[in-house]
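Since the structure comes first, as structure tokens, the remarks are kept for the end.
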Amino acid sequence: MTRITRGGLMVVAAAMTVTVSACGHVWDSESTGQTTSGARTMPSVLSPTPVVTDVATPTPTPTSDPRSTTSPTATPPTAVSPTAAPEPPAPTPATTPTPTATTQPPSAPQPPAMLRPGDKGPEVLALQQRLSDLGYWLGTPDGRWGGLTTQAVYALQKTAGIGRDGVVGPAVTKALADGVRPTSRNGGTGIEVDVPRQIILVVRDGAVVRVLNTSTGSNVPYEEVYEGKTYRGSARTPAGSFSVFREVDKLDKGPLGSLYRPKYFNGGIAIHGAASIPPYPASHGCARVSNAAMDLIWAENSMAIGARVTVY
């Protein structure tokens with residue numbers, strides 16, 4: 012408050028200032044992952060306050076005649092016109108940050124391409140060598156995927172308990188990397204026919220030296236007519252411990268088909284070569300292997316007369 016004396020009159024002037032405070036605003040940039048803080052300041056606007064000057068009423072001067080009094084004319088206070096305040100400047104809008112384009116993360120690595128029958132090259136050669144090292148017989152690795160490579164892949168898939176599709180995908184690749192291979196149940200030396208897994212093990216001194224794909228009895232009753240006679244059976248491969256008692260070193264024709272170089276160990280049931288060895292039970296009761304695998308059995312004398320054969 013200010014006191015001003017003008018012509019014997021005291022003028023009291025009061026001024027009031029109004030301040031408008033600005034708030035901070037935070038903008039979150041999703042694209043950059045950064046947070047930008049910005050404060051937008053509103054200009055202070057001073058509202059003009061009218062200043063009113065209070066003028067004191069003059070005291071009358073007494074005359075010689077105390078009964079005669081002159082009534083003074085009151086002078087109304089003079090209003091001070093407020094000075095027009097200038098228009099406040101328009102607030103400058105805060106600049107909105109432009110989002111920065113983000114770099115897309117690299118795509119997930121794709122699984123390895125499948126290898127399948129008919130393929131050839133260094134990848135197939137590496138596959139064949141790995142299968143051979145684990146005991147899955149396929150002949151000599153040559154980088155060309157033929158029928159024996161398919162038989163070896165079947166045997167690996169059966170041993171690992173994975174899908175029997177005959178191609179190399181992630182599951183087979185993992186089984187190869189893990190070194191999956193079967194072990195002998197009986198030990199010693201002989202042949203083991205694993206019916207549930209549909210594989211044949213060639214065992215020497217307790218170690219599995221060969222793993223062959225096989226197809227045993229389908230367990231579906233059959234009826235075949237041969238040379239005027241009817242033959243019926245259940246297409247089973249019975250479990251048990253047997254020994255080789257007969258062998259035929261040629262194509263042996265019989266009532267249930269032709270058997271390539273068969274080794275008989277239980278009546279008319281033998282391990283023999285065949286043109287078709289699917290990855291599932293499909294025979295009349297014998298254990299089928301590829302013709303090349305049967306040649307290997309003969310060449311290595313793995314099933315000589317008297318050799319033990321265990322079926323489980």
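Count along the sequence shown starting at 1, add 11, and that's the number in our numbering. Built from N, CA and C at the ideal position, the CB exists for glycine as well.
Measuring only the C-alpha atoms, how far is residue i from residue j?
{"i": "V231", "j": "A246", "result": "6 Å"}
{"i": "V164", "j": "G317", "result": "31 Å"}
{"i": "Q140", "j": "P152", "result": "6 Å"}
{"i": "P290", "j": "V322", "result": "18 Å"}
{"i": "A182", "j": "I288", "result": "22 Å"}
{"i": "G251", "j": "K131", "result": "41 Å"}
{"i": "V191", "j": "V219", "result": "12 Å"}
{"i": "Q209", "j": "R243", "result": "24 Å"}
{"i": "A315", "j": "D260", "result": "12 Å"}
{"i": "H295", "j": "R155", "result": "32 Å"}
{"i": "T200", "j": "K185", "result": "30 Å"}
{"i": "R175", "j": "G217", "result": "27 Å"}
{"i": "L142", "j": "T241", "result": "43 Å"}
{"i": "G157", "j": "W309", "result": "22 Å"}
{"i": "V213", "j": "I202", "result": "5 Å"}
{"i": "G278", "j": "P133", "result": "46 Å"}
{"i": "G172", "j": "R272", "result": "30 Å"}
{"i": "R257", "j": "Q168", "result": "32 Å"}
{"i": "R215", "j": "Q162", "result": "22 Å"}
{"i": "V255", "j": "Y147", "result": "23 Å"}
{"i": "G265", "j": "M305", "result": "18 Å"}
{"i": "P128", "j": "L159", "result": "10 Å"}
{"i": "L145", "j": "L138", "result": "11 Å"}
{"i": "P249", "j": "L262", "result": "24 Å"}
{"i": "G198", "j": "S269", "result": "32 Å"}
{"i": "V206", "j": "L307", "result": "21 Å"}
{"i": "F276", "j": "T170", "result": "24 Å"}
{"i": "F253", "j": "L223", "result": "19 Å"}
Hey, could you find the ends of the beta strand (DSSP E) residue i is sitting in?
{"i": "K131", "result": "First-last for K131: undefined, no H or E at that position."}
{"i": "V164", "result": "Run containing V164: none in the beta strand (DSSP E); it sits in the alpha helix (DSSP H), G158 to A171."}
{"i": "A218", "result": "A218 to N224"}
{"i": "I211", "result": "I210 to R215"}
{"i": "I316", "result": "No beta strand (DSSP E) holds I316; DSSP gives it neither H nor E."}
{"i": "D205", "result": "G201 to D205"}
Compute the beta-carbon to beta-carbon distance between residue i and residue j, rounded to the nearest angstrom, for a pair I have assumed lies under 8 Å.
{"i": "L267", "j": "E235", "result": "6 Å"}
{"i": "V5", "j": "L126", "result": "Nothing about residue 5 can be reported from this structure: the residues present for the chain run from 12 to 323 only."}
{"i": "V204", "j": "V300", "result": "No, V204 and V300 are not in contact; Cβ-Cβ is about 10 Å, not under 8 Å."}
{"i": "A298", "j": "I211", "result": "6 Å"}
{"i": "G150", "j": "A303", "result": "6 Å"}
Grouping DSSP H, G and I as helix and E and B as strand, with all else coil, what is residue i?
{"i": "A310", "result": "helix"}
{"i": "S301", "result": "strand"}
{"i": "D144", "result": "helix"}
{"i": "A285", "result": "strand"}
{"i": "L138", "result": "helix"}
{"i": "K264", "result": "strand"}
{"i": "L270", "result": "strand"}
{"i": "N277", "result": "strand"}
{"i": "G251", "result": "strand"}
{"i": "T234", "result": "Looking at the sequence shown, residue 234 is not Thr but Glu. Three-state DSSP puts E234 in a strand."}
{"i": "T194", "result": "coil"}
{"i": "D153", "result": "coil"}
{"i": "G239", "result": "coil"}
{"i": "V322", "result": "strand"}
{"i": "G244", "result": "strand"}
{"i": "S294", "result": "strand"}
{"i": "R175", "result": "coil"}
Which term fits residue i, buried or exposed, when burial requires 16 or more other beta carbons within 10 angstroms of its beta carbon?
{"i": "G228", "result": "buried"}
{"i": "T194", "result": "exposed"}
{"i": "K274", "result": "buried"}
{"i": "P292", "result": "buried"}
{"i": "G177", "result": "buried"}
{"i": "N312", "result": "exposed"}
{"i": "R196", "result": "exposed"}
{"i": "S226", "result": "buried"}
{"i": "R221", "result": "buried"}
{"i": "A188", "result": "exposed"}
Grab the span of the alpha helix (DSSP H) containing residue i for me, first residue to last.
{"i": "D189", "result": "P181 to D189"}
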